[in-house]
Amino acid sequence: MKYHHEKIEAKWQQYWAENQTFAASNHSEKPKYYVLDMFPYPSGAGLHVGHPLGYIASDIVARYKRHQGFNVLHPQGYDSFGLPAEQYAIQTGQHPADTTRMNIEGGVDKSGNTIQGYRNQLDRIGFSFDWSREVRTSNPDYYKHTQWIFIQLFESWYNKNSDKAESICTLIQEFDKNGNANVNAVCDDNISPFSSEDWKSFSSEEQQKILLHYRLTYLAETEVNWCAALGTVLANDEIVNGVSERGGHPVVRKKMTQWSMRISAYAERLLQGLNEIDWSESIKESQRNWIGKSVGAMVSFNVNNHDAKIDVFTTRPDTIFGVTFMTLAPEHELVTQITTPEQKAAVEAYVEATAKRSERERMADVKTISGVFTGAYAEHPFTKEPIPVWIGDYVLAGYGTGAVMAVPCGDERDYAFANFFKGTNGMPAIKNIFNQDISEAAYGEKGGFELVNSDFLNGLDYKSGTKKIIEELEKIGAGNAKVNYRLRDAVFSRQRYWGEPFPVYYVNGLPQMIDKKHLPIVLPEVEKYLPTEDGQPPLGNATVWAWDTESNAVVSNDLIDNTKVFPLELNTMPGWAGSSWYWMRYMDAHNTEEFANEEAIKYWESVDLYIGGSEHATGHLLYSRFWNKFLKDRGYAPTEEPFKKLINQGMILGMSAIVYRVSGTNKYVSKNLKSEYETEEIRIDVNLVNASDEIDLDKLRNWIPEFKEAEFITESGKYFVGREIEKMSKRWYNVVNPDDICEEYGADTLRLYEMFLGPLEQSKPWNTAGITGVAGFLKKLWRLYFDDNGSVIVNDEPTAEMYKSLHKTIKKVTEDIENFSFNTSVSQFMICVNELQQLKCNHRAILEPLAILVSPYAPHIAEELWSALGYEGSIATVAFPKFEAKYLVESEKEYPVSFNGKMRFTIKLPLDLTAAQIEEIVMADERTQAQLQGRTPNKVIIVPGKIINLVG
RNA sequence: GCGGGUAUGGUGAAAUUGGUAGACACGCCAGACUUAGGAUCUGGUGCCGCAAGGUGUGAAGGUUCGAGUCCUUUUACCCGCACCA
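Under UniProt numbering, the first sequence has 207 at position 207, and the numbering climbs by one with no breaks.
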């Protein structure tokens with residue numbers, strides 16, 4: 001009987017689907033285990049072999065845990081809102097909902113292209129997903145709950161005293177009772193104090209405006225990253241090197257009224273939580289960088305002749321007597337106010353010039369020093385000396401307060417700035433407050449100095465100086481200790497169509513939440529997916545997009561009267577909204593009332609193992625932690641952290657194949673002859689090349705017309721390609737489709753090969769050529785159970801060697817799965833099968849456990865072997881074999897014998913010999929005598945069971 | 001600049017507390033069988049050398065009887081952050 005993967009795999013995939021083999025129950029006696037993959041965005045291009053890598057790894061763990069007796073939740077779904085579907089809609093006029101559905105379910109698109117569909121592609125690989133819990137973030141029955149969470153955020157504030165989010169009702173009660181004097185909240189700056197009486201006297205509108213300053217999601221005019229090409233704002237994590245992550249378009253700062261998420265309230269908890277979770281150090285470090293905690297002080301400087309103060313954040317308050325000048329960001333709000341008439345023209349010109357430069361230019365150009373004196377002076381809080389105030393674009397508006405106290409003697413940038421403008425109007429000589437030489441460079445260290453010229457700080461160091469100065473600042477009311485975070489509140493509005501609509505309408509420009517019982521607010525139909533002519537977001541094109549407060553329904557815009565019918569929000573939510581809570585939805589995916597039932601959430605608790613790409617380090621993974629913490633505060637999530645353990649799979653790279661065209665001809669020269677010609681490199685379809693890098697020239701001629709008539713300069717009839725390792729992409733013709741691999745070699749081979757390629761977390765190139773190794777392994781495995789006539793399994797007692805081979809494998813595979821070292825498991829399977837083949841093993845007592853061992857990796861063949869062993873039903877929950885050390889006990893060891901650390905020969909000795917006995921035998925050995933040539937060793941090192949080393 | 005990671009044959013990679021470097025595969029070489037196939041099987045394959053032997057884990061030092069593994073210095077590449085006050 002031959003191994004036919006196509007029959008076996010189709011059969012078992014159908015069996016699993018029909019029998020709901022992998023449907024998880026929310027009630028079980030077994031311990032639970034939750035394995036989650038980062039759900040995919042269903043793009044039209046379909047999956048390539050890089051995509052399933054993490055899914056295969058998580059599937060192995062899920063299947064292994066089932067064998068270990070766990071109730072396993074291993075769900076899958078789609079992150080189906082997003083930009084590409086919308087861009088495609090703009091180009092083709094097809095509704096994003098239609099193209100998204102087709103990308104998931106497959107079909108034939110309007111241009112006649114067959115789309116396989118993610119689901120069909122995934123099914124062919126034999127994942128043990130519980131598809132009954134599938135979610136799609138763009139489905140109204142899903143985003144209904146995303147809208148609900150948004151409302152919860154709106155109805156919450158962050159109480160620093162309890163250090164958690166609370167219902168906005170508790171804040172209103174406090175305002176009613178005591179005004180805002182005792183409120184310790186994370187909120188907007190510049191909130192004026194009010195009493196209980198004031199609060200009660202405010203109009204409802206005024207009250208609403210005040211509350212917006214406290215809510216965890218709030219509407220505010222903020223500086224946002226505006227991307228004109230995409231027609232939308234972007235969050236900080238959607239910008240890479242000053243241009244949009246998607247498309248690489250320029251991004252400028254712009255003031256807009258937008259929804260924001262007060263993630264800054266959670267900065268410290270997001271930072272501290274990293275210590276409790278088992279994530280890679282690099283991701284944790286990325287998040288720490290992104291949060292950017294720095295400890296220091298806030299210091300206020302009064303501006304002379306103005307009723308104004310400049311607040312600065314500094315990590316070095318101990319250097320306050322070294323302040324030589326101050327610098328404001330050009331965007332700083334005080335700039336126009338304090339600039340003197342004489343400096344006005346210069347300052348305005350500088351501000352304008354800075355505004356014109358894109359973020360990118362400003363970032364690229366860090367070497368050029370520029371700035372202008374405002375003519376104004378601030379007053380030193382202690383010495384009362386006047387300090388000139390400058391503006392300069394080395395100070396960023398977005399960090400701290402957008403202003404710095406410049407201490408050139410202790411800061412490289414201040415030093416460079418001071419020297420650049422040395423001698424010009426408003427730039428005094430550098431004050432040195434360190435007992436160090438600063439004639440060549442600033443002294444930036446936090447140690448190794450004593451403060452001088454610093455009044456009451458003289459003689460102190462960094463630590464004691466900082467402590468002292470903060471006390472003194474507090475005494476005179478000019479400052480206090482302060483922890484600053486780089487993490488900014490996250491902009492939550494997008495000027496896009498294909499996203500969650502906000503459950504929000506506007507009365508007199510003030511946002512009102514729609515009651516949760518009327519959710520979902522379903523995305524309206526529009527004629528065009530582009531912004532409107534007057535610059536409104538795409539939802540501005542909707543004609544039925546108004547909220548009727550009487551019928552509680554979305555009605556035609558014509559009915560807007562601003563008394564009963566009001567306009568709805570035109571922005572939509574960003575891509576990360578739906579993915580920031582989806583792991584909880586899987587726990588109870590069909591709940592129509594709540595986002596998930598309390599009991600289900602309590603049962604599944606949090607994700608035990610999360611596998612996905614590291615590109616989400618500061619986006620999805622940070623926002624998800626934020627929402628989870630918020631939901632925990634409000635009693636909806638059971639744990640502080642959503643993902644206990646995280647593994648980042650590496651990227652699978654393409655191995656492009658290159659042919660060399662002789663310049664100006666239609667001739668192509670084989671790789672090793674190319675130096676004899678002047679050539680240019682052309683990439684060809686990597687699937688036309690065999691394991692020896694040789695092209696099938698007939699196939700190449702039929703591939704694209706360019707090669708039809710081409711001539712090939714070969715090496716004895718063979719044409720070899722060059723190779724280049726680069727990202728898997730259509731434009732390099734190096735994409736390998738998992739469907740093709742499943743077709744030719746089978747899903748089990750694909751799964752094994754993806755694991756065999758190397759360590760999961762490492763990025764590595766794909767080369768289909770190597771797959772014959774694992775394909776051959778599966779055939780050999782099969783032949784242990786079958787010959788040409790069928791089953792060969794016998795019930796005889798296996799030999800000790802067979803047991804040894806099996807138990808070595810049990811041990812290795814168990815350890816490997818626990819350590820996520822899947823590549824070495826596959827090697828061990830090969831070793832075991834090679835050994836059993838040598839031993840002609842066809843014994844049930846060996847082959848039965850072997851089938852179970854293999855099953856997490858190659859589930860289809862394992863099921864088939866299991867039924868060949870005479871069992872009914874699936875192998876999926878059969879207990880995993882247990883390692884027994886007794887089968888590995890050895891009585892002899894092949895000792896390496898080294899002389900001065902160099903291994904010369906080996907000698908087989910019983911393991912129960914003492915060191916002295918070993919020495920005697922070794923010394924008597926003629927090979928030892930030959931090595932020593934009459935010398936006597938100074939020292940003989942014998943580690944029983946390990947090595948023998950003779951020195952001297 | 002700061003932080004994290006990687007470096008081993010022609011290729012992908014193995015190597016428990018420091019203990020026979022290169023397991024397992026791909027490729028290559030030789031052979032067997034054959035219904036001639038991109039099947040299967042056997043043997044070989046780090047490098048130099050006919051061999052004995054020498055040499056070898058990015059580089060240079062060090063610790064040790066013994067280092068891919070530990071320590072110091074250094075180079076290259078990848079990732080994250082970055083005029084962060």
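C-beta atoms are modelled at their ideal positions from N, C-alpha and C, and glycine is treated no differently.
A quick note: this is a predicted structure, and the numbers were derived from the prediction, not measured.
- By alpha-carbon distance to Gly-770, the top candidate from Tyr-745, Leu-781, Pro-759 is Tyr-745.
- 7 Å or more divides the Cβ of Gly-126 from the Cβ of Ile-115.
- Sequence-distant Cβ neighbours of Gly-540 in its own chain, meaning closer than 8 Å and more than five residues away, are Pro-531, Thr-532, Asp-534, Leu-570.
- Nearest in C-alpha terms to Pro-642, of all of Ile-8, Gln-20, Val-35, Asn-26, is Val-35.
- Counting the other CB atoms within 10 Å of its CB gives Gln-649 a total of 16 or more, which places it among the buried residues.
- Just so you know, the alpha carbons of Ile-741 and Ala-862 end up roughly 19 Å apart.
- Linking Leu-911 to Glu-285 through their CA atoms gives a straight-line distance of about 48 Å.
- Per DSSP, Leu-865 has no beta bridge partner at all.
- The DSSP-derived three-state label of Thr-336 is helix.
- Going by DSSP, Pro-567 is part of the beta strand (DSSP E) stretching over 565-567.
- The three-state reading of DSSP puts Phe-154 in helix, counting H, G and I together.
- Around the CB of Asp-748, 16 or more other CB atoms lie within 10 Å, so the residue is classed as buried.
- For Thr-936, same chain residues with a beta-carbon under 8 Å away, outside a window of 5 residues either side, are Gly-952 in chain order.
- When DSSP reads this structure, Trp-390 sits in a beta bridge with Thr-327, Phe-373.
- For Tyr-88, the enclosing alpha helix (DSSP H) begins and ends at 83-92.
- Scanning its chain for C-beta atoms nearer than 8 Å, with the 5 sequence neighbours on each side dropped, one finds around Pro-944 the residues Leu-911, Leu-913, Thr-914, Ala-915, Ile-918, in chain order.
- The beta strand (DSSP E) runs lying completely inside the segment 665-752 and spanning 3 residues or more are 667-669, 679-684, 711-713, 722-726, given in chain order.
- As the crow flies, the alpha-carbon of Glu-605 is around 7 Å from that of Thr-639.
- Between Ile-191 and Ala-297, the C-beta spacing is not below 7 Å.
- Setting aside the 5 residues that flank it on each side, Ile-682 is surrounded in the same chain by Val-659, Arg-661, each with a C-beta closer than 6 Å to its C-beta; the list follows chain order.
- Around the C-beta of Arg-731, fewer than 16 other C-beta atoms lie within 10 Å, and the residue is accordingly described as exposed.
- In this structure, DSSP gives Asn-597 a state outside helix and strand, which the three-state scheme calls coil.
- Of the candidates Arg-253, Pro-856, Lys-422, Leu-396, Pro-856 places its Cα closest to the Cα of Ala-879.
- Around Gly-82, the same chain offers Tyr-41, Trp-498, Gly-575 as residues with beta carbons nearer than 7 Å, after the five sequence neighbours per side are excluded.
- Under the three-state reduction of DSSP, Gly-444 is assigned to coil, being neither helix nor strand.
- The segment 748-763 and the segment 836-849 do not touch, with fewer than 3 CB-CB distances between them shorter than 8 Å.
- In the DSSP annotation of this structure, the continuous segment of the beta strand (DSSP E) that includes Tyr-505 starts and ends at 504-507.
- Here Tyr-462 is not near Lys-475, since their CB atoms are 7 Å or more apart.
- Phe-175: not part of any beta strand (DSSP E); member of the alpha helix (DSSP H) spanning 168-178, first to last residue.
- Under DSSP, Glu-223 takes part in a beta bridge, and its partners are Lys-255.
- In the same chain as Ile-947, and ignoring 5 residues on each side of it, the C-beta atoms closer than 7 Å to its own belong to Tyr-895, Pro-896, Ser-898, in chain order.
- C-alpha of Gly-400 to C-alpha of Phe-420: approximately 24 Å in a straight line.
- Shown here, Phe-643 sits in a strand according to DSSP, grouped into three states.
- In terms of Cβ geometry, Ser-156 and Phe-492 do not form a close pair [threshold 7 Å].
- Residue pairing by DSSP puts Asp-548 in a beta bridge opposite Ala-553, Val-565.
- Where Pro-896 is concerned, the enclosing beta strand (DSSP E) starts and stops at 892-899.
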